[in-house]
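Peer 1:
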Amino acid sequence: MSQVAEAPEKSDVGGYVGLRLRSLTKEFANFTAVKSLDLDVPSGSFFALLGPSGCGKTTTLRMVAGLETPTPTSGSIELCGKDITWDKPYRRPVNTVFQDYALFPHLDIFENVAFGLRRRKSKDVDTKVREMLELVELESQTRKKPAQLSGGQQQRVALARALINSPEALLLDEPLGALDLCGVRCRSRSSGSRPRSGSPSCM
Numbered sequence: 001m002s003q004v005a006e007a008p009e010k011s012d013v014g015g016y017v018g019l020r021l022r023s024l025t026k027e028f029a030n031f032t033a034v035k036s037l038d039l040d041v042p043s044g045s046f047f048a049l050l051g052p053s054g055c056g057k058t059t060t061l062r063m064v065a066g067l068e069t070p071t072p073t074s075g076s077i078e079l080c081g082k083d084i085t086w087d088k089p090y091r092r093p094v095n096t097v098f099q100d101y102a103l104f105p106h107l108d109i110f111e112n113v114a115f116g117l118r119r120r121k122s123k124d125v126d127t128k129v130r131e132m133l134e135l136v137e138l139e140s141q142t143r144k145k146p147a148q149l150s151g152g153q154q155q156r157v158a159l160a161r162a163l164i165n166s167p168e169a170l171l172l173d174e175p176l177g178a179l180d181l182c183g184v185r186c187r188s189r190s191s192g193s194r195p196r197s198g199s200p201s202c203m
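Following the numbering used here, the numbering of the sequence shown begins with 1 at its first residue and continues without gaps.
1. Taking three-plus beta-carbon pairs below 8 Å as touching, is the segment 106-115 in contact with the segment 66-80?
2. Out of curiosity, what's the CA-to-CA distance linking glycine 18 and leucine 103?
3. Quick check on DSSP: helix, strand or coil for serine 36?
4. Do you know offhand how far glutamate 168's Cα is from lysine 144's?
5. Any idea which residues DSSP pairs aspartate 83 with across the strands?
6. For glutamine 153, tell me which candidate among Asp40, Thr25, Trp86, Val113 has the shortest Cα-Cα distance.
7. What is the DSSP secondary structure of phenylalanine 110, reduced to helix, strand or coil?
8. Grouping DSSP H, G and I as helix and E and B as strand, with all else coil, what is proline 42?
9. Candidates Phe115, Gly75, Arg120: which alpha carbon is nearest valine 129's?
10. So valine 94 is in the alpha helix (DSSP H); what residue range does that whole segment cover?
11. Could you pull out every residue in the same chain whose Cβ sits closer than 6 Å to the Cβ of valine 97, ignoring the five residues on either side in sequence?
In C-alpha cells:
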C-alpha cells in the first residue's frame, strides 16, 4: 500500500490539523491486514491509498471510521488534535461512502440523504437536502427508491448523504468505481463545496 502526504500542519494550540495515524496495526486470526502504519493527511487535502486487493486499504478506512478496532496496545488514530482510536463510530466526526453504498432500501432518495440530519434533529433539513441533491444532480429523483437508480446514481446518493453531515473527514472506499460522467462532475464540484473549510478527505 503506497502513501503520499504533505508536510504536517500545526494548529494554533500546537496540535496536528488533519488526520494522523501512528503505528496502526490490525491483526486477524491468520494474517496481519495493516502493519505499523504511520500516516499524516493534512487538513483540506485529498489523499489516496493505492495498492493491490487485500493490502489493507479498506481495513485502514474502517479503523478510521471506527468500524474496526486496531490490534490492542498497537497504534493510534488522531483527528484534528483529538485521539479517536477507541471512540464509537457515532462519536467520530467522520462519514464513509462504502463500496456497496449502504443505502436504506425502504427510504426514498430524499430521506436517505436526510437521515443523518433528522437523527440529529437539525434545522432546515428540507432546504439542506434539496441543496445537496442539486449538487449531485439528483433533484429530479428525490422520491425514487435506491433500487430504481443506476449504480452511478446510487453512489452519488451515498456521497450526498455523507457530505450533508459536515464531517471532519470523508472516507471513500473505491470512490470512482461506478461514477458516470455526471458523477465525476459532482465529485469535482463537491471538492469546492465541502461543508467545513479545510476538512481532510480520504479515499
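Note that the Cβ used here is the ideal one computed from N, Cα and C, for glycine as well.
Bear in mind that the values here come from a model prediction, so they are computed numbers and not experimental data.
Peer 2: Straight from the coordinates:
1. no
2. Here residue 18 refers to the residue found at position 18 of the sequence shown. Here residue 103 refers to the residue found at position 103 of the sequence shown. Roughly 28 Å separates the two Cα atoms.
3. As a working mapping, residue 36 is identified with position 36 in the sequence shown. Three-state result, serine 36: strand.
4. Locating residue 168 in the sequence shown gives position 168, counting from the first residue. Locating residue 144 in the sequence shown gives position 144, counting from the first residue. Roughly 30 Å between the two C-alpha positions.
5. As a working note, residue 83 is residue 83 in the sequence shown. For aspartate 83, which the question treats as bridged, DSSP gives the partners Glu78.
6. Start at 1 with the first residue of the sequence shown, and residue 153 comes out as number 153. Measuring from the Cα of glutamine 153, the nearest candidate turns out to be Val113.
7. On the sequence shown, position 110 is the one that residue 110 refers to. Three-state DSSP puts phenylalanine 110 in a helix.
8. Numbered from its first residue, the sequence shown carries residue 42 at position 42. Residue state, collapsed to three classes: strand.
9. The sequence position of residue 129 within the sequence shown is 129, counting from 1. It is Phe115 whose Cα lies nearest to the Cα of valine 129.
10. Taking the sequence shown and counting its residues from 1, the one referred to as residue 94 is at position 94. Run containing valine 94: none in the alpha helix (DSSP H); it sits in the beta strand (DSSP E), 94-97.
11. For the purposes of this step, residue 97 is taken as the residue at position 97 of the sequence shown. These residues qualify, in order along the chain: Ala158, Leu159, Ala162, Leu172.
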